[in-house]
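Below is one structure, written out as C-alpha cells; the observations come after it.
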Amino acid sequence: MSTFLALSGCTVGPDFKIPYAPDVSGYTNDGLGKTVGATVSDGRQAQRFVMGSDVNPAWWSLFQSKQMNAFVEEAIRNHPDVAAAQYALRAARETAIAEQGGLLPQVSASASSTRERTAASGSSPASIYTLHNASVDVSYSLDIFGGTRRQIEAKWAAAEYQRFELEATYLSLTANVVTSALTDASLSAQIAATQDIIRLQRDQLQRIQQQFNLGAVPASDVLSQQSTLAQTEATLPSLQKQRAQTRNELMAYLGRLPSQDRGESVRLADLRLPQALPVSLPSALVRQRPDIRAAEATLHEATASVGVSIANMLPQISLSGSYSTSASTPSDLFSANSIAWSVAGSVTQKLLDGGTLFHTKEASVATFEQDLAKYKSTVISAFQDVANSLRAIQYDAKALQAQTAAEKAAQASLTMAEEQYKTGAVDYPTVSSAQQTYQNAVISRVKAQATRYTDTVALYQSLGGGWWNRQDETALSRPRVQPGRFAGPDSVPATNATTTDIKNKKVQEQ
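Residue numbers 54 to 563, in the working numbering, belong to the letters of the sequence shown in order.
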C-alpha cells in the first residue's frame, strides 16, 4: 500500500483555486447598496434595503398571496425543465463516479469448455476429447503523474456545473412564474380600469346625446364624445390580447397546455410588498449566484483538463498479469501441471507525434484562459443585475408616487371640466381631453404599481434566490453512492489535487 501511495502521490498540472471576489463594498457608486434603512414609499407600503441580510429561499411567499405560492409549487412540481436538469445532474455525477474506477485494478475472468474431435492420422485413430480452460487477467495503469485523478476532478467539476445549472433552472422558473403572474394581474387591472372608463364615457355620451336631442348642445359635442369613446374602446383588444398571451406563457411555466387554463389568477390589490429587502454583501454574491457558480465549475473543469494534458505527455506505466489453467477433466483443472501464469510491466512514451500532445496541452491552457474571461464577464453581469434592481426599486417608488398624484389630479381636472361644461364655461373638447388624460393616468398608475412588484422579483433573482438555504434537493439530483475523495468541494473536504480556489491568472505547470 505504501508503494502504491508513493507511486500515485504526484499530480501534475495546476490546482484549482476560486477567483477572489471583486474588491468593492457596494453595488452603486453612491453607496445605495450598503445604506441600511433607506426607505422608499408609495404612501401605503414602504421598503428599505438591509445590507448583509440573507435571502429567503421562498421569497415569493413574501408577497402574501396563496395563489402565487400555489403557482410556484405547481411549476416546480410539473415543469419538464426541472426534471431534465435533475437528470442531467444525476448523469454527470454517475459519470464522475464511473471515472473513479480508473484508479483501481481492472480484473476480468473467463472460463470455457471445448468438445473436440481429432482426425485419424496414420496409425493414430480419431479421438474425441473435452478441453476445459479458466483464466484471470489483471491490468493496472499506474497513475504516477495524476492524469486519471485530474480526469476525475474534471468530471466532478462537470457535475458541479450541472448542479448549478439545476439551481439556475429553478431560480429562472420561479422568477418567471411570479413575473408572469404579476404581469397577468397588471393587465387584468388595466383591462378593468379601461372597462370602467368606457362605462363612464358611454354614460357621458348618453347624456350629451339627450342634451343634443333637446337642442342644448351642438352635434360636434356628440361626435367628439363618440370619438373619445371609440379611441378608448380601441385600446381594450390590445390589452386583452396581451393578457391572453401572458396567460399562455404562465400555463407553459406551470407545465400545462394553454387549453388547461382554469382561470386562476393573482389580484394586484391583494399583494403585499416585502418591506425589508435583502442586499447581499458583494463578497457573498459570487458564492450565491448560480450562473457564477456554474462558470466557476467550468473554470475548475478547464483547470483539471490542463493537468490531464500534461500527464498525457509523460510516460504511461502499466502492470498486467494473467493466471490460466487448461485440463481435459474438471478435476485436473487446477492441478500444478495445468497452471500457467505471466506478469508484465510496460512503459510507453511517445517520442514523435507531430506536436499533437504539446498543442493539445496548449489548447487546454487557452480554454482555461477563455473560461476565466467568461467567469469575469459573468461576475460583471451579476453585479450589473443587482445594481439595476436596486436603482429600479429606488426610482419605482418615486414613479408610483408621481403617477398616483397624476391620477388624482387628472380625476379632479375631469370632474371640474365636466362641471364647467354644464355651466357653459368650457367647450366639450376640453372635457374630452380631460377624459383622455384621466384614462392615461389610471393605466400608468396600474403599470407603475405592478412595476414595483416585478422589480422586487428582479432583486431577489439577481441575488441568487436563496437556494443555499433550501433543503429540498430531490433523489434524482443526489448521488446514489458516496462519492468519496473526489466528490467535489461542497461534499467533502478538498484534497490537494482538488483545492477549490484560483488565485493566479496564469496556469503554472507543476
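We put the beta carbon where it would ideally sit given N, CA and C, even for glycine.
- Using a C-beta cut-off of 8 Å, the region 387-400 makes no contact with the region 468-477, since fewer than three inter-stretch Cβ pairs fall below that distance.
- If the five residues before and after residue 63 are omitted, its C-beta is found closer than 7 Å to the C-beta atoms of 197, 198 and 199, all from its own chain and listed in chain order.
- Counting C-beta pairs with one atom in each stretch, the region 271-286 and the region 311-331 have fewer than three that are closer than 8 Å, which means they do not touch.
- Per the C-alpha coordinates, the member of 106, 342, 261 and 450 positioned closest to residue 216 is 342.
- For residue 243, the enclosing alpha helix (DSSP H) has its first and last residue at 200-266.
- A direct Cα-to-Cα measurement between residue 505 and residue 447 gives close to 9 Å.
- Below 8 Å, enough C-beta pairs join the region 395-412 and the region 358-375 to call them touching: three or more.
- Taking every protein chain shown into account, the CB of residue 241 has 16 or more other CB atoms within 10 angstroms, so this residue is buried.
- Ranking 162, 286, 288 and 318 by CA distance to the CA of residue 299 puts 318 first.
- Within a 10 Å sphere around the beta-carbon of residue 182 sit fewer than 16 other beta-carbons, which makes this residue exposed.
- Taking residue 301 as the centre and dropping the five residues before and after it, the same chain places the C-beta of 311 closer than 7 Å to its C-beta, in chain order.
- Distances from the CA of residue 383 to each of 407, 521, 112 and 167 were compared; the closest alpha carbon is that of 167.
- Straight across, the Cα-Cα distance linking residue 156 with residue 321 is about 59 Å.
- In the DSSP assignment, the residues bridged to residue 164 are 187.
- Classified as exposed, residue 476 has fewer than 16 neighbouring CB atoms from the shown chains inside 10 Å of its CB.
- About 15 Å separates the beta carbon of residue 434 from that of residue 512, a gap too long to meet the 8 Å contact definition.
- Of 146, 193, 108 and 123, the smallest CA-CA separation from residue 371 is found for 193.
- For residue 319, there is no enclosing alpha helix (DSSP H), as DSSP marks it with neither H nor E.
- In its chain, beyond the 5 residues on either side, 410 have a beta carbon closer than 6 Å to the beta carbon of residue 366.
- In this structure, the straight-line span from the alpha carbon of residue 220 to that of residue 417 is close to 28 Å.
- Between the alpha carbons of residue 158 and residue 150 lies a gap of roughly 15 Å.
- If you keep only unbroken alpha helix (DSSP H) runs of at least 4 residues inside the region 275-307, you get nothing at all.
- According to DSSP, residue pairing for residue 380 in a beta bridge involves 185.
- Per DSSP, reduced to three states, the secondary structure at residue 333 is coil, with no helix or strand assignment.
- DSSP, reduced to helix, strand and coil, places residue 511 within a helical segment of the structure shown.
- In this structure the region 125-137 touches the region 222-232; the number of beta carbon pairs closer than 8 Å is three or more.
- As for any beta strand (DSSP E) of minimum length 3 sitting wholly inside the region 116-179, the runs are 159-171, ordered along the chain.
- Shown here, residue 374 sits in a strand according to DSSP, grouped into three states.
- By DSSP's assignment, residue 66 forms no beta bridge with any residue.
- Excluding the 5 residues flanking it on each side, residue 307 has same chain C-beta neighbours closer than 8 Å at 124, 127, 128, 131, 132 and 230, in chain order.
- Contact between the region 322-339 and the region 73-85 is present: 3 or more CB-CB pairs across the two stretches fall below 8 Å.
- Rounded to whole angstroms, the Cβ separation of residue 495 and residue 246 is 5 Å, and the two are in contact under 8 Å.
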